[in-house]
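Going from the sequence shown to the numbering used here is simple: count from 1 and add 883.
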Amino acid sequence: PGDVLAIIDERAAAAPAAPEREREEEKKEEPRPEKRAAAPQAQEDTVRERPAAPERVERKESPPLSPAVKRLVKEHDLDPAAIAGSGKDGRILKGDVLDYLNRKEETPATPAPATAPSPAPATPRPPTPERDAAREERVKMSRLRLTIAKRLKEAQNTAAMLTTFNEADMTEVMEVRRRFKDVFMEKHGVKLGFMSFFVRAVTIALKDIPALNAEIDGDEIVYKNYYHIGIAVGTDRGLVVPVVRDADTLSLADIEKAIADFAERARSGRLKLEDMMGGTFSITNGGVYGSLMSTPILNTPQSGILGMHKIQQRPVVMDDGSIAARPMMYLALSYDHRIVDGKEAVTFLVRVKEVLEDPRRLILDL
């Protein structure tokens, strides 16, 4: 019988091929029986460790999130794994997210360790001259202010934001208020303000231009067939935007009552989180502070926000060529150009202007 030239191990076929460089080095070296004997054991260990991967495939996945829950999670940058679901098979419901957010608001933030360094700002603050440093005051930003700052910056970074302007002659609306404010107050127990006219005008215009009542979700556009109008309210703690739901179905009195209730609760700190969620379009009124014109920032993921401004007497050329002083208001519409075209934005704002300049359209829904 001849000498043994090699031992062929069939198990070696399952092992991954060694790199070319290692095979060349092995050819140069003398065979070492002790290492050759150890090789099958190493191969066996490799084969034994591989079956661990399929366990991840068999692991039960969490139930999928509904669109409403997905939107809440995205808006508040939440980790779904941290929220306990009360639905079937542990499904997370909208109420579960709201409860989680309420508990999060009530629970004080855990203070960071004293040794943890503060994150450096993107642009370092220049040093303050020593003579002025003693006259500065540092105040910690409230959680509401931090949230506002984050959301507004996200809007600028995410949306392709653009603003278009127009102006409205408020003569007819002011005349309606003058004639009926007393009887309106007597019957409904609330003042007849300008905001209810704007809310109704906006809902009429949104039905004509649905892109402004929509939002982007991934690679899809979600058109809302309901009209939940957010009303910006300024408070000592910051700006909040409670939502008047199904505003297209409400009377002027119902809208004024809802706004008055929101304003009172906002200033007393009694607004609930759900009061400020689910809006499809927003209105902000800088005119109450004297603003003549501004470019409002979107309340993402909404695609539009209307800015009201101060009413001011200005000379206007009338249809017959005469010049008259009229109570005029500049209107500003900021919109997300990713889903709203310029033509749609301008058409929307002109529609709002038409309704305000002839309030009879509110009654006839024209």
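Where is the CB? At the ideal position from N, CA and C, for every residue including glycine.
Where residue i falls: helix, strand or coil (DSSP)
i, result
"S949", "coil"
"P1198", "strand"
"S1079", "helix"
"A1088", "helix"
"E1019", "coil"
"R1209", "strand"
"L888", "Legend: pLDDT at L888 = 43, less than 50; position of this residue unreliable, no value from coordinates given."
"D972", "helix"
"I1180", "coil"
"A964", "helix"
"L1122", "strand"
"G1170", "helix"
"D1275", "The chain is shown from 884 up to 1249; residue 1275 falls before or after that span and cannot be answered."
"V1073", "coil"
"T1030", "helix"
"M1044", "strand"
"M1159", "helix"
"G1204", "coil"
"V1127", "strand"
"L1214", "strand"
"V1223", "coil"
"M1053", "coil"
"M1191", "strand"
"A1115", "coil"
Supposed contact pair residue j and residue i - C-beta distance, whole angstroms, cut 8 Å
i, j, result
"I1222", "I1099", "6 Å"
"V1116", "A1146", "5 Å"
"I1188", "S1165", "4 Å"
"V1238", "L1247", "Actually they do not touch by this definition, with Cβ atoms about 10 Å apart."
"V1082", "I1138", "5 Å"
Option nearest residue i by Cα separation, candidates the options
i, options, result
"V1127", "T1118, A1143, R1120 and D1119", "A1143"
"R1209", "P1179, R1153 and D1052", "D1052"
"A1130", "V1022, A1215 and I1087", "I1087"
"E1240", "S969, K977 and T1054", "T1054"
"V1105", "P947, M1191 and R954", "R954"
"A1288", "P1179, G1225 and T1132", "Within the shown structure, residues of the chain are numbered from 884 to 1249, placing residue 1288 beyond reach of any answer."
"R1150", "L961, R974, D1119 and R1028", "D1119"
"P1251", "P963, S1174 and E958", "This structure leaves residue 1251 out entirely; the chain is present only between 884 and 1249."
"S969", "V980, H959 and D960", "V980"
"N1040", "E1227, D1219 and L1247", "D1219"
"K987", "L961, K971 and M1212", "L961"
"M1191", "G978, V1085 and K977", "V1085"
"L976", "H959, S949, S1217 and K1140", "S949"
"L1214", "V1235, A1207 and V1200", "V1235"
"L1315", "L1154, F1080, A967 and Y1109", "For residue 1315 there is no data in the structure shown, the boundaries of the chain being 884 and 1249."
"H959", "L984, E1227 and D972", "L984"
"L1154", "K957, E1020, G973 and L1027", "L1027"
"E1227", "S1134, P1093 and N1168", "P1093"
"I966", "D982, A951, M1201 and M1024", "D982"
"N1168", "M1078, E1020, R974 and K1064", "M1078"
"M1211", "M1024, G1204, L1135 and M1176", "M1176"
"D1091", "K1107, E1103, F1080 and D1102", "K1107"
"E1069", "A1136, K1023 and D1202", "A1136"
"V952", "V1200, M1201 and E1157", "E1157"
"S1134", "T1030, V1022, F1080 and A1042", "F1080"
"S1217", "E1020, V1022 and A1043", "A1043"
Any non-hydrogen atom of the ligand MN within 8 Å of residue i CB
i, result
"I1114", "Because no ligand of any kind appears in the structure shown, any question about the ligand MN cannot be addressed here."
*For the 8 Å Cβ check, are there 3 or more pairs between the region 1047 to 1059 and the region 1222 to 1240?*
At 8 Å Cβ cutoff, the stretches touch.
_At least 3 beta-carbon pairs within less than 8 Å: the region 1012 to 1023 vs the region 1159 to 1179_ = Short answer: they don't touch.
*Does the region 1092 to 1111 come within contact of the region 1173 to 1190, defined as at least 3 CB pairs closer than 8 Å?*
yes
*Three or more C-beta pairs below 8 Å linking the region 1017 to 1035 and the region 1053 to 1068*: no
_With three or more C-beta pairs closer than 8 Å as the rule, is the region 1061 to 1080 touching the region 1119 to 1126?_
no
*Meets three-Cβ-pair contact criterion under 8 Å: the region 1192 to 1204 and the region 1005 to 1012*: no
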